[in-house]
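Quick note: the sequence shown uses numbering that gives the first Met the number 0, first residue 0, plus one each step.
The C-beta atom is built at its ideal place from N, Cα and C for all residues, glycine as well.
Here's the structure we're looking at; comments come further down.
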Amino acid sequence: MWEGSDIDVEARLQEARAQIDPNESLATSLTKHFRLRPVVARRHSLQTGTLRYFDVRYVDATNLETIASEPLGDADGRILYAITLNADELQSVMSKAATSAIANLPQVILAIPQETEGLRETIFEVACSKWVQDNTPELEGDRAARGELQAYMSHSEASVEQALQAFLSPSASSVECSWFRGGERAAVSSGRMLQEYLSDVCDKVFSKTPILRNELINRRQISSSAASARRELLSAMLTSGDKRTLGIEGFPPHVSMYFSLLQETGLHREEDGRWGYVPPKADADPGIVAAWQAIDGFLTETEIERRTVGELFELLSDAPYGMKSGLLPVLLCAALLHFDTEVALYEQGSFVPSLSNPIFERLIKTPEKFQLQRCRVAGVRETVLKRFADVILQKPEGFASEKMNLLTVVRPLTRFATSLPAYTKNTQRLRETTTRVRQCLFDAREPDKLLFTQLPQACGLEPFTPSDMQDSDDVDRFFRNLRESLSELRRAYDDLLGELYAAHTKKWILTRIAHRAFRYSSHTRTSQES
0 MWEGSDIDVE
10 ARLQEARAQI
20 DPNESLATSL
30 TKHFRLRPVV
40 ARRHSLQTGT
50 LRYFDVRYVD
60 ATNLETIASE
70 PLGDADGRIL
80 YAITLNADEL
90 QSVMSKAATS
100 AIANLPQVIL
110 AIPQETEGLR
120 ETIFEVACSK
130 WVQDNTPELE
140 GDRAARGELQ
150 AYMSHSEASV
160 EQALQAFLSP
170 SASSVECSWF
180 RGGERAAVSS
190 GRMLQEYLSD
200 VCDKVFSKTP
210 ILRNELINRR
220 QISSSAASAR
230 RELLSAMLTS
240 GDKRTLGIEG
250 FPPHVSMYFS
260 LLQETGLHRE
270 EDGRWGYVPP
280 KADADPGIVA
290 AWQAIDGFLT
300 ETEIERRTVG
310 ELFELLSDAP
320 YGMKSGLLPV
330 LLCAALLHFD
340 TEVALYEQGS
350 FVPSLSNPIF
360 ERLIKTPEKF
370 QLQRCRVAGV
380 RETVLKRFAD
390 VILQKPEGFA
400 SEKMNLLTVV
410 RPLTRFATSL
420 PAYTKNTQRL
430 RETTTRVRQC
440 LFDAREPDKL
450 LFTQLPQACG
460 LEPFTPSDMQ
470 DSDDVDRFFR
480 NLRESLSELR
490 RAYDDLLGEL
500 YAAHTKKWIL
510 TRIAHRAFRY
520 SSHTRTSQES
């Protein structure tokens with residue numbers, strides 16, 4: 000008529016009370032047994048298209064500053080519930096909220112419940128019941144004991160949740176909870192006010208976040224299908240940037256990414272009858288304008304020293320931009336294609352001559368292994384580049400003088416060096432200047448340094464820097480010396496063949512003369528004898 004049990008649940012609970020430390024930090028106990036769900040800043044997320052949420056942690060007076068300073072990880076902010084047990088702890092936490100380092104963390108919100116009486120006892124009973132559950136293997140075959148323990152555990156958990164609900168969900172309840180951010184009190188008295196307050200915080204912290212409404216890619220971790228669609232979008236960007244909608248036909252998954260990231264932002268549009276990647280217009284979304292300016296400023300800094308793509312991604316991910324990592328490769332690709340004439344990409348120190356899908360696949364996985372460097376073509380450098388294109392190399396087909404490409408000019412020069420005959424690559428029968436120029440061409444690793452630093456030095460001149468004013472005498476002297484050196488390299492092997500031919504011809508003539516002289520002398524001697 001009733002189920003019996005061989006387990007004395009009450010005795011096991013008594014044993015658990017002896018095993019568990021009753022003086023354990025209340026915040027630690029709550030963290031173990033009552034993990035809180037993150038809180039989403041709904042309004043801000045809906046308006047910007049970027050999901051932002053705050054993770055929730057329990058702290059006490061001893062670990063408040065430590066946990067507040069921990070990295071946020073994937074979260075955009077953090078709510079700390081400071082659990083105090085007496086008036087002294089409450090006063091300590093209140094003072095830290097206004098004066099400690101936590102006041103300098105704009106993404107951290109501190110909530111201090113004024114009353115937590117009775118919470119320690121209830122959370123202690125929950126811990127004991129879970130200890131019994133984890134340390135009593137006999138429960139597996141005793142349904143009656145499992146039911147009794149489950150009922151006890153449910154009652155204890157309900158008591159804890161009721162106590163927590165009074166201050167975790169702000170309302171008109173009698174439990175007062177003080178809220179702080181940046182060392183100042185915040186007016187939060189209901190769940191709705193908390194939601195609005197979190198969105199206000201995100202509006203201030205991420206004031207320059209672009210409006211990008213695409214749930215497939217606008218997130219930190221994208222799905223495998225979204226990653227495949229992004230790969231297709233990058234491929235279209237690299238091969239069909241001169242076409243409307245990148246030549247995408249139909250409605251594949253990556254077409255939505257194109258519309259939200261490139262078309263609506265104005266990064267890919269038609270100007271002067273040509274489609275291409277351009278900066279956003281002045282009247283575009285202020286967030287995308289600010290993000291593009293951040294990229295431009297970052298690239299300007301790379302003129303002095305190379306910086307990694309990982310650093311750029313970190314800049315755009317942090318406040319005030321707060322962009323998600325899923326869309327950063329697309330934005331970088333658009334910037335590299337726009338600045339293709341002046342920004343060089345390096346992979347582990349080696350120059351990347353052209354962008355491709357495999358390059359971006361590796362870049363997405365390990366952005367810290369790729370470096371960027373801007374090579375401005377301005378001032379005297381622009382003059383040097385024009386002279387290279389017009390005088391020495393001849394203009395390649397389709398070359399546009401209004402958008403000169405450093406790589407377009409340097410590549411034929413390096414190909415010339417690699418195609419030289421083996422004799423020309425090794426002979427020492429060259430002028431000293433020509434030998435230095437040849438060595439520069441063979442050792443070239445960076446296009447800008449080759450053209451503006453190494454070759455001028457080989458020709459006995461100072462490097463051409465972006466800030467140099469135009470000096471026609473130096474440019475003329477540089478190209479005169481360089482032209483002579485390249486001409487000497489070009490004709491070195493032919494000169495050798497000419498010398499060999501001349502020497503062979505001279506030898507043949509001398510041989511013929513000697514032979515005829517010998518025949519003449521022999522004929523004369525014979526005649527005399529006759």
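With contacts defined by Cβ atoms closer than 8 Å, Y52 and Y80 do not form a contacting pair. When the five nearest sequence neighbours on each side are left out, the beta carbons in the same chain lying within less than 6 Å of the beta carbon of V288 are those of P279, in order along the chain. By the Cβ rule, the segment 114-130 does not count as touching the segment 186-197, because fewer than three pairs are nearer than 8 Å. For the 8 Å CB-CB criterion, K129 and H32 form a contact. Your pair D75 and Q106 checks out as a contact, with CB atoms roughly 7 Å apart and the cut at 8 Å. CA-to-CA, the gap between E214 and G48 works out to about 7 Å. With a minimum length of 4 residues, the unbroken runs of alpha helix (DSSP H) contained wholly in the segment 205-251 fall at 223-238.
Linking L419 to L450 through their CA atoms gives a straight-line distance of about 19 Å. By the 16-neighbour rule on beta-carbons within 10 angstroms, G240 is buried. For the pair of segments examined, the segment 15-26 was found not to touch the segment 175-184: the number of CB pairs separated by less than 8 Å stays below three. Taking C-beta atoms as the reference points, G325 and I247 fail to come closer than 8 Å. For G286, the uninterrupted alpha helix (DSSP H) segment begins and ends at 285-300. Annotation: the continuous beta strand (DSSP E) that includes F350 extends over 349-351.
Take L118, set aside five residues on each side of it, and the residues of its chain with a beta-carbon closer than 6 Å to its own are A162, in chain order. Put simply, the segment 35-46 does not touch the segment 81-97. Fewer than three CB pairs are less than 8 Å apart. The beta carbon of A293 is closer than 7 Å to those of L314, L315, Y320 in its chain, skipping five residues each way along the sequence. Contact annotation: V379 and F463 have beta-carbon atoms nearer than 8 Å.
The alpha-carbon separation between T432 and F387 amounts to approximately 18 Å. When the beta-carbon positions are compared, L335 and V329 stay at least 8 Å from each other. DSSP assignment within the segment 65-116 yields the following whole beta strand (DSSP E) runs of 3 residues or more, N-terminal first: 76-81, 107-112. Our two residues, T244 and E487, have alpha carbons roughly 50 Å apart in a direct line.
For D133, the three-state secondary structure derived from DSSP is helix. Taking every protein chain shown into account, the CB of N356 has fewer than 16 other CB atoms within 10 angstroms, so this residue is exposed.
Judged by pairs of C-beta atoms under 8 Å, the segment 61-71 touches the segment 90-107, as three or more such pairs exist. P366 and A40 have their C-alpha atoms some 29 Å from each other. Boundaries for V342: no alpha helix (DSSP H) harbours it, while the beta strand (DSSP E) harbouring it runs 342-346, taken from the DSSP string. Secondary structure at F53: strand, using DSSP grouped into helix, strand and coil. Between R430 and the set N480, A10, W507, the nearest pair of CA atoms involves N480.
Between the alpha carbons of Q164 and H154 lies a gap of roughly 15 Å.
The shortest CA-to-CA distance from T307 to any of A110, L495, K368 is the one to K368. In the DSSP assignment, S177 falls outside any alpha helix (DSSP H) and lies within the beta strand (DSSP E) extending over 176-180. With distances taken between CA atoms, R373 lies nearest to E445 out of L232, A502, G272, E445. For R361, the enclosing alpha helix (DSSP H) stretches over residues 356-364. In terms of Cβ geometry, V38 and A144 do not form a close pair [threshold 8 Å]. The residue among V409, L499, L12 with its C-alpha nearest the C-alpha of K385 is V409. Listed as beta-bridge partners of L419 by DSSP are no residues whatsoever.
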